[in-house]
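Numbering (the numbering used here), first residue to last: 14 to 123.
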């Protein structure tokens, strides 16, 4: 791998940017910027931790509201899903029954 002028120029520009950033962050204005960033990061962390604590309550509420809405909009839905579940579980739980026996094989494409 050869080093050409583009690679060397990129390295020098990157190093110069690093030196400039270091000098800026050492100034009073740079220190204010860092302090603001730390404060915002801590606030974001606290907000995220609060959201994690509230997540189970939120999803329980969402589940309950969804179930209530489903029951009020489609009163037969609960029985339909119970019957469907029983058919699904009943077919798999039967002795001597395999998936190949219950699933029809598709016709080969000519």
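The C-beta atom is built at its ideal place from N, Cα and C for all residues, glycine as well.
Using the Cα positions of residue i and residue j, report the straight-line distance between them to the nearest angstrom.
i	j	result
residue 66	residue 27	42 Å
residue 98	residue 86	21 Å
residue 43	residue 80	53 Å
residue 48	residue 77	43 Å
residue 103	residue 95	12 Å
residue 63	residue 90	36 Å
Query raised in the report: Fully enclosed by the stretch 14-95, which alpha helix (DSSP H) runs are 4 residues long or longer?
Result: 18-39, 41-86
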